[in-house]
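This report refers to the structure that appears directly beneath it.
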DNA sequence: TTGTAGGCGTTATCAG
DNA sequence: CTGATAACGCCTACAA
């Protein structure tokens, strides 16, 4: 089997359909038919061929098949490595993708949208046109990412996951961020809270803006007082949530509740509260967004919004696969429902709160 | 350009080297030489060809090239999705991989070792033999994973990352887990701690055993009292650390310090301590292992062991790439140094501690 | 420096 | 049901 005993790594498929065909006294086309699952082959011939294939240790050559079919059987997953790769959000999403592709013939290729060559479209130009990938799942692109346009122009089968881009025909699967914030606001409102602070996320994160807007909208609708100091920006990390909270809680009167645009920042808010000697939730209610696994394990456990991330992943992969197999471009914005998770970090406003 | 206006997704490369050649009055072989970067082409011819290629919108067909060369230009990354995909460990490792491959011609394919077809070797049989991937980075395989043997038998260019398998020739890049635990022990010992508890990780995690053994070894060497109740198993999650700590801290005399085999469990230990009314580090020193980003943001900040994860990733990818390009199998165990990160969660043992 | 002939392993076409 | 022939787009070997 080995081409060269010193280089065993060179082992490579040599037995071809031709060989199997010769061994059976048929043409390679017939062998091809058998492996393509064509019904147009006599049962006895088929068996003879399968038997010979096994005996000769034949293995189907997908590299050749894919070359011929002008496809790679790879699905590209593109995202910002720096921002998302190690996050449980990405992990859950990917597990959703994988669930769907598990029994398919496609595998995953991973691309970093942060790299220059990707974001400027140089890499993209080749990626789909040459079928290095047969389609693309773009995870949570930033507002400043330029490549979505390029992809659309090139008619790349593509699903944007996690955000809903403003572009017309772009197909996306996301969750209802605005609704999530509204649910949190209503929850706090029903507990008697009338002064609510908000730690927003970075502007270049598409969903972050939606969350902020929804908060502002709620305040308007309920005519809640919301001075500018009640709204402070963070960058989706614990430390920045803590810093933002320091400003928010330094106001007078201070809010009786704070919503953070993601769980990590909510953790920061709680830490800040503790350092100021405020108890959560007795003196301050705190809520987050994302439903991180650790949020349910911390003390106090965190009230938050659960996104159906796994299902979003599965749905995206399913849409893409369908689009690839049936040769049509996917379209439409799919918005999934979010769920309010009420836990210990929020409580009815009490008399002791000023 | 479009094959069918209703199916724009079918857009595909049609301009070939043949076309470019014809436009220039040369053979496709000459065109081929130009794109292969061969110096054996007259400068004027080269320019003529490049100009024509651009004008005709020619794009090099890698699918054809790879078929011909019997390779895919994909590196496979295999790991347990359930256990690692959403972890910052995996994220950092992957960023290390990517740093190395960024300017290469290889991209990443991702495989889940949890799937039946992968772990039993069925998928693997095709993966390398047909060059669906040209090599494999296997991240933190479990002790019960069977596929490593298969890979070795098939002479797949492969690097095992994060653990050092017992098999002979298998090439690995890992960090010195035992040394890390020893550093923690020495640190605590030097602070006066003589009763140290330990929360171990699951047995099927290869490195987990190394960490436990190193702890036991230290106790033996220093003749520290270490009753069985001081050592409790956890499963690398906050909650399990908390549960284990509950047992450890219920002993009499209780330890003055606890080491957890990873940071998450250390967080759980701290939580348990707080619930028991113990202050960290005044009443109990706590240390972890991994140096999670959040460990430096929590209060108290966590003393832990830093693994050079990013560098491990880069090193692995570099070794693999070299092995692929130079047609030799990699070998040897590469062990990287760990660094002790002393933070707030550990302190000198005090008189108030019994 | 450039060209010719042929091969890689599959599948499509169309005929039998 | 099966076969002969050609195509896919690149590359190698050898020749000029």
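Residue numbers (the numbering used here), protein chains in the order written: chain H, 1 to 354; chain P, 1001 to 1354. Glycine included, C-beta positions come from ideal geometry on N, C-alpha and C.
Whose C-alpha, out of the options, is nearest the C-alpha of residue i?
i: residue 1071 of chain P; options: P/1127, P/1285 and P/1099; result: P/1127
i: residue 1323 of chain P; options: P/1034, P/1082, P/1135 and P/1035; result: P/1135
i: residue 1208 of chain P; options: P/1228, P/1230 and P/1289; result: P/1289
i: residue 1235 of chain P; options: P/1340, P/1095, P/1269 and P/1221; result: P/1269
i: residue 1041 of chain P; options: P/1026, P/1054, P/1187 and P/1053; result: P/1026
i: residue 1241 of chain P; options: P/1214, P/1217, P/1227 and P/1271; result: P/1271
i: residue 115 of chain H; options: P/1334, P/1122, P/1104 and P/1119; result: P/1104
i: residue 343 of chain H; options: H/248, H/196, H/117 and H/292; result: H/292
i: residue 217 of chain H; options: H/91, H/205, H/158 and H/178; result: H/178
i: residue 1108 of chain P; options: H/130, H/298, H/76 and H/215; result: H/76
i: residue 297 of chain H; options: H/309, H/328 and H/263; result: H/263
i: residue 170 of chain H; options: H/230, H/223 and H/152; result: H/152
i: residue 144 of chain H; options: H/122, H/244, H/206 and H/222; result: H/206
i: residue 320 of chain H; options: H/37, H/331 and H/306; result: H/331
i: residue 1300 of chain P; options: P/1306, P/1308 and P/1280; result: P/1280
i: residue 1233 of chain P; options: P/1215, P/1202, P/1224 and P/1219; result: P/1202
i: residue 1310 of chain P; options: H/214, H/58 and H/85; result: H/85
i: residue 261 of chain H; options: H/210, H/186, H/121 and H/334; result: H/210
i: residue 1353 of chain P; options: P/1334, P/1326, P/1284 and P/1314; result: P/1284
i: residue 93 of chain H; options: P/1099, P/1130, P/1048 and P/1081; result: P/1081
Look up residue i in the DSSP assignment and give the residues it is bridged to.
i: residue 1336 of chain P; result: P/1175
i: residue 1306 of chain P; result: P/1290 and P/1339
i: residue 1232 of chain P; result: P/1199
i: residue 277 of chain H; result: Partner(s): none; residue 277 of chain H has no beta bridge.
i: residue 137 of chain H; result: H/77 and H/159
i: residue 1323 of chain P; result: DSSP lists no partner for residue 1323 of chain P.
i: residue 1285 of chain P; result: P/1257
Anything in chain P within Cβ reach of residue i, meaning under 7 Å, just list it in chain order.
i: residue 130 of chain H; result: 1013, 1059, 1061, 1062 and 1063
i: residue 98 of chain H; result: 1081 and 1112
i: residue 66 of chain H; result: 1063
For a contact meaning CB atoms closer than 8 Å, what does residue i contact in chain P?
i: residue 107 of chain H; result: 1109, 1110, 1111 and 1132
i: residue 35 of chain H; result: Within 8 Å Cβ-Cβ: nothing; residue 35 of chain H doesn't reach chain P, min ~13 Å.
Along the beta strand (DSSP E) that carries residue i, what are the first and last residues, could you check?
i: residue 79 of chain H; result: 74 to 79
i: residue 1159 of chain P; result: 1158 to 1161
i: residue 260 of chain H; result: 257 to 260
i: residue 357 of chain H; result: Given a span of 1 to 354 for chain H in the structure shown, any question on residue 357 of chain H remains unanswerable.
Give the C-beta separation of residue i and residue j to the nearest angstrom, bearing in mind that I take them to be a contact with Cβ-Cβ under 8 Å.
i: residue 1050 of chain P; j: residue 1034 of chain P; result: 7 Å
i: residue 1173 of chain P; j: residue 1336 of chain P; result: 7 Å
i: residue 230 of chain H; j: residue 251 of chain H; result: 7 Å
i: residue 1038 of chain P; j: residue 1159 of chain P; result: That belief does not hold up - the Cβ atoms of residue 1038 of chain P and residue 1159 of chain P are roughly 32 Å apart, past 8 Å.
i: residue 119 of chain H; j: residue 147 of chain H; result: 6 Å
i: residue 223 of chain H; j: residue 189 of chain H; result: Not confirmed; about 11 Å, so no contact.
i: residue 1175 of chain P; j: residue 1338 of chain P; result: 5 Å
Under 7 Å Cβ-Cβ, which residues of chain H neighbour residue i?
i: residue 1294 of chain P; result: 238
i: residue 1297 of chain P; result: 238 and 239
Output, in chain order, the set of chain P residues within a Cβ distance shorter than 9 Å of residue i.
i: residue 92 of chain H; result: 1085 and 1086
i: residue 115 of chain H; result: 1098 and 1102
i: residue 95 of chain H; result: 1081, 1082, 1085, 1086 and 1112
i: residue 247 of chain H; result: Going along chain P, no residue has its Cβ under 9 Å from residue 247 of chain H, so there is no contact; the nearest lies around 18 Å.
Note the first and the last residue of the continuous alpha helix (DSSP H) segment covering residue i.
i: residue 213 of chain H; result: 206 to 222
i: residue 241 of chain H; result: 238 to 248
i: residue 49 of chain H; result: 43 to 56
i: residue 168 of chain H; result: It is not in any alpha helix (DSSP H) - residue 168 of chain H carries neither H nor E in the DSSP assignment.
i: residue 22 of chain H; result: 17 to 24
i: residue 34 of chain H; result: 28 to 35
i: residue 96 of chain H; result: 88 to 101
i: residue 1147 of chain P; result: 1147 to 1153
i: residue 63 of chain H; result: 62 to 69
i: residue 1350 of chain P; result: Run containing residue 1350 of chain P: none; DSSP gives neither H nor E here.
i: residue 1119 of chain P; result: 1116 to 1119
Since residue i meets chain H, which of its residues come closer than 8 Å, beta carbon to beta carbon?
i: residue 1072 of chain P; result: 63
Whose Cβ in chain H lies nearer than 9 Å to the Cβ of residue i?
i: residue 1271 of chain P; result: 297, 298 and 299
i: residue 1126 of chain P; result: 59, 60 and 62
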